[in-house]
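Colleague: Have a look at this one.
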Amino acid sequence: MDINQVFEAFNTLRVLVIGDVMLDSYVWGKVERISPEAPVPVVNVQKREYRLGGAGNVLLNVQSLGAEAIICTVIGTDSSGDLLKNSLKEKGLNCEGLIRSESRITTIKERIIAGSQQVVRIDTETDRPISAIETEKLIAKAKELIPSSNVIIFEDYDKGVLTPESISEITAFANEHNVPTVVDPKKRNFLAYNNTTMFKPNLKELREGLKIEFDVDNPEELRDAVRHLKEALHVKGALITLSERGVIIDYQDEVHKLPAHIRQIADVSGAGDTVISIAACCVALGLPSKTIAAISNLGGGLVCELVGVVPIDKELLKTEAINLIIPPAFA
């Protein structure tokens with residue numbers, strides 16, 4: 000399978016994304032005076048925009064790769080939840096796994112921007128774990144969707160949708176059905192993702208999650224840390240993003256460290272979402288570890304050249320992969 004065939008095969012995949020989806024709100028305006036009520040700027044609103052955030056950006060990246068992206072999450076029945084559901088539908092995303100809760104608020108992060116300067120960010124959210132009843136609903140919905148899915152992405156932002164109970168039960172069910180699980184973790188549930196297929200923390204998350212210190216520039220210490228992670232969680236593979244140092248993967252009895260590609264970095268926001276999306280699709284296709292790392296590493300770098308959170312451009316990624324001679328999918 001060459002690179003062209005890999006990118007064509009992405010179109011056949013169904014990717015189930017389970018985790019914290021949220022709404023990003025952007026309010027643009029002008030400041031021409033200071034408030035008489037307090038020494039703060041008065042922003043005269045000119046434009047307002049809503050974008051999918053959190054696991055929503057992973058959905059958009061998966062969709063950009065050509066795969067079908069399916070969300071499985073819990074959001075509120077509030078107006079923000081309505082906006083979020085409408086945003087998902089407007090993007091043509093599969094909402095079969097969307098669960099609405101009357102007892103939960105929908106996460107919305109609102110950025111007030113005057114000119115090109117962010118004045119303030121207002122977060123309306125809860126990080127309280129979902130209730131026992133909501134957990135049961137989430138697990139049931141996931142089990143309904145897993146048999147027809149090719150891969151699962153756990154997209155954890157520590158907002159409470161994913162709990163140790165749901166992670167354990169969904170992972171066990173996925174393993175029974177031979178559906179690979181790929182994890183983008185955060186701190187709270189870091190050690191709950193036992194027996195998953197591919198675990199993808201960044202360097203900071205790896206250190207904090209395992210409470211270990213090591214010299215990332217020492218190849219032996221870095222490999223030992225990744226091996227420690229695999230053993231602690233009993234995962235089949237680990238893909239660690241190392242920022243400007245590239246990535247390291249330990250999967251299929253192989254370890255590969257790939258350097259970052261030299262880029263004109265504009266914004267690193269959303270790079271991890273792109274990496275996990277590409278890695279999950281590659282794992283679903285059964286690609287070799289070096290190919291998984293190479294394409295994921297390339298995609299994460301490409302989105303850093305753009306301002307804001309932007310999903311990967313599939314054609315650009317394919318062109319770059321061909322030009323940079325990404326290793327054949329099956330050598």
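For the sequence shown, numbering that gives the first Met the number 0 gives the first residue as 0, with consecutive numbering after it.
Backbone N, C-alpha and C define an ideal beta-carbon position, used for all residues, glycine too.
(1) Under the rule that 16 or more other beta-carbon atoms within 10 Å means buried, what is G18, buried or exposed?
(2) Who are the near neighbours of L209 in its chain, counting only those whose CB is closer than 7 Å to its CB and skipping five residues on each side?
(3) Should the stretch 74–81 be called in touch with the stretch 94–112, which here means at least 3 C-beta pairs below 8 Å?
(4) Can you list, in chain order, the residues of its chain with a C-beta nearer than 7 Å to that of I294? Leave out the 5 residues immediately preceding and following it.
(5) Buried or exposed for P179, please, with buried defined as at least 16 other CB atoms from any protein chain shown within 10 angstroms of its CB.
(6) Would G300 and I311 be called neighbours here (beta carbons separated by less than 8 Å)?
(7) For P128 versus T105, is the C-beta distance shorter than 8 Å?
(8) Can you give me the start and stop residues for the alpha helix (DSSP H) that A293 sits inside?
(9) Thinking C-alpha only, which one of E204, K142, V181, D157 is nearest E175?
(10) Please report the distance separating the alpha-carbon of L64 from that of P35.
(11) For R50, which of V30, K108, R222, L315 has the nearest alpha-carbon?
(12) Is A8 closer than 8 Å to L257 when the C-beta atoms are compared?
(13) Relative to the alpha-carbon of K235, which residue among A259, V182, G53, V246 has its alpha-carbon at the smallest distance?
(14) May I have the straight-line CA-CA distance separating D266 from V309, to the nearest angstrom?
(15) Would you tell me roughly how many angstroms separate the C-alpha atoms of I166 and V41, rounded to the nearest one?
(16) Counting along the chain, where does the alpha helix (DSSP H) carrying Q4 start and finish?
(17) Go ahead and pull the three-state DSSP assignment for R99.
(18) When every heavy atom of the ligand NAP is checked, does at least one fall within less than 7 Å of the C-beta of L238?
Modeller: Considering the structure as presented:
(1) buried
(2) H227, L228, A231
(3) yes
(4) I277, C281, A320, I325
(5) buried
(6) no
(7) no
(8) 288–302
(9) K142
(10) 50 Å
(11) K108
(12) no
(13) V182
(14) The predicted model places D266 with a pLDDT of 40, which falls under 50 and marks its position as unreliable, so this point remains unresolved.
(15) 45 Å
(16) 2–8
(17) strand
(18) By its list of ligands, the structure shown contains no ligand whatsoever, and the ligand NAP lies outside what it can speak to.
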